[in-house]
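Colleague: Residue numbering for the sequence shown follows this note's numbering, beginning at 25 and increasing consecutively.
Glycine included, each C-beta is placed from N, C-alpha and C at the ideal position.
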Amino acid sequence: MLVAQDICYYQTPPDDYAAQKCTVYVHRPENDNYPVFVYFHGGGLEGGGRGEGDPFVERMIAEGFGVVTAEYRVSPQAKYPAYNEDAAAAVAWTIENIAEYGGDPTRLFVTGHSAGGYLTAITCLDDRHLSKFGHHITEITGSIPTSGQMLTHFTIRKDKGIPIERPTIDEDAPLFYAHDVKMPMFLLVGGDDMAARVEENALMAAVCKKHEFDIEILVVPGRDHGTIKDRYADPDDPAAAGILAFVRRLLS
25 MLVAQDICYY
35 QTPPDDYAAQ
45 KCTVYVHRPE
55 NDNYPVFVYF
65 HGGGLEGGGR
75 GEGDPFVERM
85 IAEGFGVVTA
95 EYRVSPQAKY
105 PAYNEDAAAA
115 VAWTIENIAE
125 YGGDPTRLFV
135 TGHSAGGYLT
145 AITCLDDRHL
155 SKFGHHITEI
165 TGSIPTSGQM
175 LTHFTIRKDK
185 GIPIERPTID
195 EDAPLFYAHD
205 VKMPMFLLVG
215 GDDMAARVEE
225 NALMAAVCKK
235 HEFDIEILVV
245 PGRDHGTIKD
255 RYADPDDPAA
265 AGILAFVRRL
275 LS
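1) Indicate whether residue 255 and residue 214 have their beta-carbon atoms separated by less than 8 Å.
2) Quick check: what's the CA-CA separation for residue 75 versus residue 98?
3) Around the C-beta of residue 88, are 16 or more other C-beta atoms found within 10 angstroms, so that it is buried, or is it exposed?
4) Would you say the stretch 113 to 122 touches the stretch 157 to 171, given that touching needs at least three Cβ pairs under 8 Å?
5) If you count every other CB in all the chains shown that lies within 10 Å of the CB of residue 173, and 16 or more means buried, which is it?
6) Residue 25 to residue 210, Cα distance in whole Å?
7) If you reduce the DSSP assignment to three classes, tell me which class residue 247 lands in.
8) Which residue wins for smallest C-alpha separation from residue 239, given the options 72, 169, 33?
9) Could you give the residue range of the beta strand (DSSP E) that holds residue 84?
10) So which of 265, 275, 274 has the shortest CA-CA distance to residue 84?
11) I want to know whether the stretch 125 to 143 touches the stretch 48 to 64 - three or more CB-CB distances under 8 Å.
12) Can you tell me which of the three DSSP states residue 120 falls into?
13) Looking at the structure shown, is residue 164 part of a helix, part of a strand, or coil, going by DSSP?
14) Given this structure, state the Cα-to-Cα distance separating residue 94 from residue 48, to the nearest angstrom.
15) Using C-beta distances below 8 Å, list every residue in its chain close to residue 275, excluding the 5 sequence neighbours before and after it, in chain order.
16) At what residues does the alpha helix (DSSP H) containing residue 228 begin and finish?
17) If we call anything under 8 Å between Cβ atoms a contact, is residue 149 one with residue 107?
18) Quick check: what's the CA-CA separation for residue 229 versus residue 249?
19) Check this for me: beta carbons of residue 175 and residue 191, under 8 Å apart or not?
20) What did DSSP end up calling residue 180 once you bin it into helix, strand or coil?
21) Under DSSP, the beta strand (DSSP E) around residue 129 begins and ends at which residues?
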């Protein structure tokens with residue numbers, strides 16, 4: 025059930041846009057002391073909204089998990105590093121406040137789709153952002169990027185003056201940190217996803233496995249960039265089943 029909405033996750037918003045945009049909705053199951061997901065929507069860091077996560081919320085609430093859906097600033101009203109900082113601020117808010125709503129902040133997962141998958145990955149790999157809010161990535165139990173870019177996101181490339189068609193692995197690319205992963209990761213992608221998206225995630229998984237990190241990858245046949253996240257509420261959805269198996273392994 026929805027128990028809180030439109031809560032600004034910044035104690036002191038950095039600008040008026042953040043004060044209006046940077047909000048969370050808290051969804052909880054009937055049970056107390058529940059594990060919790062933070063969910064970031066997609067939209068290319070240029071649009072989208074938390075409602076995209078409704079199928080995920082529906083399924084995870086039914087399975088006994090809480091979900092915090094987060095909005096964040098987007099381009100062109102905002103520029104890098106606003107997106108990354110907002111994602112970290114939302115995670116920090118959840119760590120500090122979810123117990124008030126019956127959740128367990130020590131059993132925290134971060135997930136999201138597309139641009140939200142990118143934000144999931146970079147928030148859980150690059151401690152520069154979360155540490156600004158007095159927390160560290162070691163406080164996160166696991167990360168589940170869905171259809172996320174493992175290179176530097178194309179909108180961030182644009183913000184930095186890098187041609188968006190130029191593949192880039194710099195300090196804002198999840199792949200940049202593949203040698204030093206601090207938590208288990210579950211990479212989820214559609215078999216018919218966007219061009220190169222399967223390959224980017226497969227490379228991330230391969231590098232992490234080389235370093236013997238706890239990483240899984242699930243490529244769901246027949247799913248494209250949209251349908252990979254649209255069917256979570258279906259009882260037989262393989263994407264949801266993969267996520268649940270991953271988190272329950274870590275919680276056992």
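Modeller: According to the structure shown:
1) Cβ atoms of residue 255 and residue 214: not closer than 8 Å.
2) Near 16 Å, if we compare the C-alpha coordinates of residue 98 and residue 75.
3) Exposed, since its Cβ has fewer than 16 Cβ neighbours within 10 Å.
4) Taking 8 Å as the limit for Cβ pairs, the verdict is that the stretch 157 to 171 does touch the stretch 113 to 122.
5) buried
6) The straight-line gap from Cα to Cα measures roughly 26 Å.
7) strand
8) The shortest C-alpha separation from residue 239 is found at 169.
9) Run containing residue 84: none in the beta strand (DSSP E); it sits in the alpha helix (DSSP H), 78 to 86.
10) 265
11) The stretch 125 to 143 vs the stretch 48 to 64: in contact.
12) helix
13) coil
14) If you take the alpha carbons of residue 94 and residue 48, they lie about 4 Å apart.
15) For residue 275, where only same-chain residues beyond five positions count, the Cβ hits under 8 Å are 59, 131, 165.
16) 221 to 234
17) no
18) 19 Å
19) yes
20) helix
21) Where residue 129 is concerned, the enclosing beta strand (DSSP E) stretches over 127 to 137.
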